[in-house]
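Protein chains in written order, with this note's numbering: chain A, 470 to 670; chain B, -7 to 426; chain C, 913 to 1474.
We put the CB at the ideal spot given by N, CA and C, even for glycine.
Every value quoted in this text rests on a predicted model; they were computed, and no experiment measured them.
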Amino acid sequence: MAEKKSDKNVDRRGFIKNGLNTTAALALGGIAGFTITKSTKGDMVWQIDPDKCIQCEKCATNCVLYPSAVKCIHAYAMCGYCKLCGGYHRPGTKRLDTAAESQLCPTNAIKRTYVEDPFFEYTIDEELCIGCAKCVKGCSAFGNGSLFLQVRHDICVNCNECNIAKNCPADAWVRVPASDPYLFRGEVRDNRTATSESGDV
Amino acid sequence: MKKIILLMLLLVLPVIESYSQVQRFPKPEFESGYTQPVPVKSFPRSVSLEYLDVAVLFIALCLSAYFALKKRSRNYIFSLMLFSMIYFGFFRQGCVCSIGSIQNISLALFDKTYVVPLGVIAFFTLPLIFTLFFGRTFCAAVCPLGAIQDFVILKPQKLSNRLNQVLGLIPYLYLGLAVLFAATGAGFLICRYDPFIGFFRFGFNQNMFVFSTAILLLGVFIARPYCRFLCPYGVLLKWASVLSKRHVTITPDECIQCHLCADSCPFDAINTPTPEKYPGDPDKGKRQLILLLILLPVMIVAGGWSVSKLSVPLSRNHYIVKVAEQIRLEDTGRTNLTTEFSEAFRGTGMPTTELYNRAAHIQARFKTGSWILGAFLALIFMSKLINLTLWRRRKDYEPDKAACVSCGRCFTYCPKEHERLLELRGETLEHNRN
Amino acid sequence: MNITETDKIAVYNLLKKIAVIAAVFSLLVCLFFILNYFQLVTNDPLNSPALEKFYTDLDANPNDDALRQQIRSLDLLARKAYFTKQWQINFGGYILFAGIIVLLVSLKLMSSFKHKAPELPGAPEDTWENRLLSQKWIMYSGIVILSVTITLALLTRKEMTAASFEKQGASKYEIPSENDILKNWPYFRGPRTIGYAEYSNVPQFWDGETGENILWKTPLPKPGFNSPLLWDNKIFLSGADESAEEVYCFDAETGQIIWQRQVTGIPGSPSEPPDVTEDTGYAAPTMATDGSYVYAIFATGNLVCFDVDGNKIWGKNLGVPDNHYGHSSSLLVDRGMLLIQYDHGNGASVMGLDASSGKEVWKVERDMGIAWSSPVLVNTGNKTEFILNANPNVVSYDPKTGSELWRVECLSGEVASSPAYADGIVYAANEYAILAAIQPGDPPEIIWEYEDDLPDASSPVATDKYVILSSGYGSVTCLDAKTGSVYWFHEFDDGFYSSPILVGENVYLLDLKGYTHIFKADTTFSLLNTAKLGEESSAIPVFADKRIFIRSNENLYCIGEK
């Protein structure tokens, strides 16, 4: 008698368990299906919107990698090729040369070469760049704004939550598709989905 | 000389907003034939590799289920675990992982503008589906965080049942908070406090170094501390595993109750047999159950209400609320100091009314979210209590369907398992006695 | 092959030695990391204060070559230190990793040698006891957490409602009704903008020196020539000097300052204020209010909006005006649209901004000279017109869209006088130009002109019968509103910057020395009283129920019968 009762109990329990199992599988399928409608094939990666950046220097210190995956990029098409470069020369310097005391960059990552009178070309050695944005600040304030910070995606490990993005005072970090992961200045930007870190809630 | 004067003039002009792109200096016209270089774009790893990851995950899950349920070999499970630690951990640097994918899915469910990669959806659903079929085989051999903890186990201590139960409540809290923060856009908690990612990518962020080393050292003595007492994905896996169609067993055969496997599990995941008859007073037990069931809705409301009162401090983790509070402090004259956040905000030109409206909207979401979180936590508490009052007769030693991670350590403790292995090898008992 | 016991012990001991070496090695590398980290945090080679000091020295003595050499070597050292550290940390990470792997593997192999045979546990665990204990623990922990949460919730209740943005939200913005506007004094020249007071039950006698009928007098923190506003028992004023711009709110009953706010955090605000003359100052334009928010503009071009409780709503800079005296045009706000006359040397314009957000709705560039006059808003029969005096035109716009309705060329010189209006006719005047009586329409028509004793800063007031003019040297003329013929002319001792205000059948006119002349608006001149303030003033008084509020150069007075 007790056997039958316990058997019945086991069956009932088994039935409920199976039912819940199927429900759970369906729920999971539902969630997956819903999120697939809002999905993208490729990965989404992090990028800085240079128009929002306030050059606070946090990009250099907050990356989980050392040195930071954020580097300075030069949009040559926007550059004025000036003899006195707001991004190259230390503000207040009296001599416009390539001496260490006239330079702004702490790691000597910007190289200055003479092109023709009165133009000079400025290039960035990314091996030396630490992403501190001092040159970006100078160029934005006194120049054309052709220097700006971007995440280099061959270095960036694409953390699910970027530590720099989390600490950015200007909320300048957005997620962009991995197939077109740069927001360069001087380029036309199309209407792609770019969600900022804080979300458009 | 001209440029220096220009610089002086510019220093005197009004403060220029940092983000304005002003072509102050005209585009140069080169006469020497110099061509402007174009800035180089470097790309992340290609999409096909992402699909490769999903494929590897799928294969690893299949193998893990096969090794745990069919092949029943700790050695194979261990090797697969090493592979997972190296591939998903050190090679892919631990991101995206299934644990973190909860946040991406939460954000996708509640934020209209967020787009979630297909690979992340796969990382979320595949382990759960496999668990629904085969039990928690993901944890033992596929999850890189579990693998690294398992790798450092040297002297596992046995924790008392009550400690296990109480500490086992923390993952629910972690899951609730993580989902709340992810869904409202306040941030990804799980990623922020992931103790092992620092090891995988050889890079720590600020304070995590101490926390990570501490947890890993703890893992030497208390087996898999993150898995058992913190992992939020583990909650979902627990639920799926309890409902699973099949589950790993200690013995391939019927249990002979030799009790040799009792001390075999470093995770205290083996349930011992219960006494033959219900040991307490059945009427008292019934009354307790009824009392708990009556208290259940009361506690759910109490839990929801009390956590909802914490919604404002919780909402402060959101960027918009943080900035709005600082701006409000400044505009109402309560502070004279500005922060980079408030200065950056003022530079955007957004009217403060809009900022405040956004903050209000986010706080409203936090309010609803906190109610749900509180109700959820209360429900979990009460469920645990109710579960403990329900009694089910157990004859054999069984792995706990929720807690067992299918690591296979208990297999070699079982004499029936030894029989099976000998049969497989066609060997005799004599030959294998050391 | 059989492995002997001695072999096994030898291997075990070897493993032990390896483990110890690996452990010590890993510990050392770990310590090194911690040291390195602390060094980096306290002494970042790229941000060295010594180098900064050298730079300042160099800027002072740019030709000090020895200093240059010093900087170069220090900079090179710093950079080398940084990159070495970077390499050390990255390479060290790998070494530490290797060390720990060796340690773990040897420990694990060691433990596999010491494989214990499973032991039988004692009597099967009495899980029932454990269950009850677990239950108790869970219950206790749950109760503790719940009570802590509830206590925290109750204790911080007030603070949380204050911190919440939901409850407070943004200050509610409501457009006031016509009646509410008429009950208060929200603009420079009264609720109708044309110099009419709605209350005539105000005192005619007071003396600022003896205190007769002076209910209270509050000193002003910062100077300004703007006139006060009154809404619902709150008086608003602004004040500014070279260092700061402020907005004040006074209690109309007691004269106490309810709140005062500095105007800060305005993007585009100039670091140096423009030059202004002493008799205009930085806070010449009068504010405007609509009962929910108050708006203020300053000579720097800073435009700010606070709610009536002092919370800043928005602020922007319209561009520093090129104005040799200082910007003076007062603000108006009409049905949610903030109206601004912004005629200055590098571009004249008039604009309409959304009052609750500051966003520009419309802007019209004008080809006018600099103006110091303030606009008016009048209902000319079937529509509201926004009328501005400038050099050389008087122009009327639709306040909602900025579209021009009509314009008349009749003024010249430095226009500081604002239009008057009565019974369908607009009166515009300026010293060295004319007083024109304009019939608006398509095309507008000048009905009559008058050329003597014209105002410079003062604005005329008109009724359907009379036009009262006051000049900068003290004369007052009363003309027939329809024909322009002179009824009477009177000369007072001191000039007028303030404007005559129609109070019932009388006119109150405050002169530069602080005397308020009260006379009838009639075909003959009859002076009722001259009330003394005892202080210089150029602002327009505010007329409220049984009260007059006057802002002198230094104080705010409340006049009422005691």
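Any C-beta of chain A under 8 Å from that of residue i
{"i": "C/Tyr994", "result": "yes"}
{"i": "B/Pro407", "result": "no"}
{"i": "C/Asn1235", "result": "no"}
{"i": "C/Tyr1002", "result": "The amino acid at residue 1002 of chain C is misidentified as Tyr; the sequence shows Asn. It does; some Cβ of chain A falls within 8 Å."}
{"i": "B/Pro343", "result": "no"}
{"i": "B/Gly168", "result": "no"}
{"i": "C/Tyr967", "result": "yes"}
{"i": "C/Pro974", "result": "yes"}
{"i": "B/Pro224", "result": "no"}
Of the listed residues the options, nearest to residue i (C-alpha basis)
{"i": "C/Arg1104", "options": "C/Ile1460, C/Ser1204, C/Pro1331 and C/His1402", "result": "C/Pro1331"}
{"i": "B/Val397", "options": "B/Ser76, B/Asn199 and B/Ala133", "result": "B/Ala133"}
{"i": "C/Asn1441", "options": "C/Val1056, C/Asn1418 and C/Ala1451", "result": "C/Asn1418"}
{"i": "C/Asn1303", "options": "C/Glu1316, C/Gly1257 and C/Val1290", "result": "C/Gly1257"}
{"i": "B/Gln85", "options": "B/Phe194, B/Pro343 and B/Cys257", "result": "B/Phe194"}
{"i": "B/Arg238", "options": "B/Gln355, B/Arg128 and B/Gly226", "result": "B/Arg128"}
{"i": "C/Lys1275", "options": "C/Ala1283, C/Gly1264, C/Gly1416 and C/Ile1126", "result": "C/Gly1264"}
{"i": "C/Gly1353", "options": "C/Tyr1362, C/Ala1195, C/Gly1011 and C/Gly1336", "result": "C/Gly1336"}
{"i": "C/Ser1241", "options": "C/Leu1127, C/Ala1208, C/Cys1322 and C/Ile1170", "result": "C/Ala1208"}
{"i": "B/Thr324", "options": "C/Thr1176, C/His1239 and C/Val1307", "result": "C/Thr1176"}
{"i": "A/Gly655", "options": "A/Pro519, A/Ile633, A/Ala496 and A/Arg481", "result": "A/Pro519"}
{"i": "C/Leu1094", "options": "C/Trp1118, C/Phe937, C/Tyr1111 and C/Ser1450", "result": "C/Tyr1111"}
{"i": "B/Ala232", "options": "B/Leu288, B/Lys62 and B/Phe125", "result": "B/Phe125"}
8 Å Cβ cutoff, residue i in contact with chain B
{"i": "A/Ala493", "result": "yes"}
{"i": "C/Lys1377", "result": "no"}
{"i": "A/Ile579", "result": "no"}
{"i": "A/Tyr583", "result": "no"}
{"i": "C/Gly1005", "result": "yes"}
{"i": "A/Ile599", "result": "no"}
{"i": "C/Pro1482", "result": "Since the first and last residues shown for chain C are 913 and 1474, residue 1482 of chain C lies out of range."}
{"i": "A/Lys486", "result": "yes"}
Those residues which DSSP pairs with residue i across a bridge
{"i": "B/His310", "result": "According to DSSP, B/His310 bridges with nothing at all."}
{"i": "B/Arg238", "result": "DSSP, once it has assigned bridges, lists no residue as partnering B/Arg238."}
{"i": "A/Ile517", "result": "A/Trp642"}
{"i": "C/Met1263", "result": "C/Ile1252 and C/Lys1275"}
{"i": "C/Gln981", "result": "Paired residues: none, contrary to the question."}
{"i": "B/Pro109", "result": "A/Thr509"}
{"i": "C/Thr1130", "result": "C/Leu1468"}
{"i": "B/Asn263", "result": "B/Glu390"}
{"i": "C/Asp1119", "result": "C/Glu1124 and C/Lys1444"}
Interface flag, residue i vs chain C, CB-CB below 8 Å
{"i": "B/Tyr348", "result": "yes"}
{"i": "A/Glu656", "result": "no"}
{"i": "A/Glu590", "result": "no"}
{"i": "A/Pro638", "result": "no"}
{"i": "A/Asp669", "result": "Interpretation of A/Asp669 is limited by its pLDDT of 45, a score under 50 that renders its predicted location unreliable; the figure taken from the coordinates is listed afterwards. By this cut-off, A/Asp669 is not an interface position."}
Expected contact under 8 Å - CB spacing of residue i and residue j to nearest Å
{"i": "B/Leu222", "j": "B/Pro163", "result": "6 Å"}
{"i": "B/Leu229", "j": "B/Phe130", "result": "7 Å"}
{"i": "B/Val108", "j": "A/Thr504", "result": "5 Å"}
key: Chain-ordered residues of the segment 527 to 547 of chain A with a beta carbon less than 7 Å from chain B   = Val533, Leu534, Tyr535, Ile542, His543, Ala544, Tyr545 and Ala546
message = At a CB distance below 8 Å, what residues from the segment 1095 to 1115 of chain C approach chain A? Give them in sequence order.
response = So nothing in the stretch comes that close.
key: Cβ-based contacts, 7 Å cut-off: residues of the segment 620 to 636 of chain A near chain C   = Residues: none.
task = Give, in chain order, every residue of the segment 124 to 152 of chain B whose Cβ lies closer than 7 Å to some Cβ of chain C.
result = Phe143, Val144 and Leu146
key: Residues of the segment 302 to 331 of chain B whose Cβ lies closer than 9 Å to any Cβ of chain C, in chain order   = Leu302, Ser303, Val304, Pro305, Ser307, Arg308, Val313, Ala316, Glu317, Ile319, Arg320, Glu322, Asp323, Thr324, Gly325, Asn328 and Thr330
key: Contacting positions in the segment 922 to 951 of chain C - beta carbon closer than 8 Å to chain A   = none
query = Which residues, in chain order, does the segment 1197 to 1226 of chain C contribute to contact with chain B at a C-beta distance below 8 Å?
reply = Gly1222, Asn1223, Lys1224, Ile1225 and Trp1226
inquiry  = Output needed in chain order: residues of the segment 351 to 362 of chain B with a Cβ under 9 Å from some Cβ in chain C.
reply    = Ala351, Ala352, His353, Ile354, Gln355, Ala356 and Lys359
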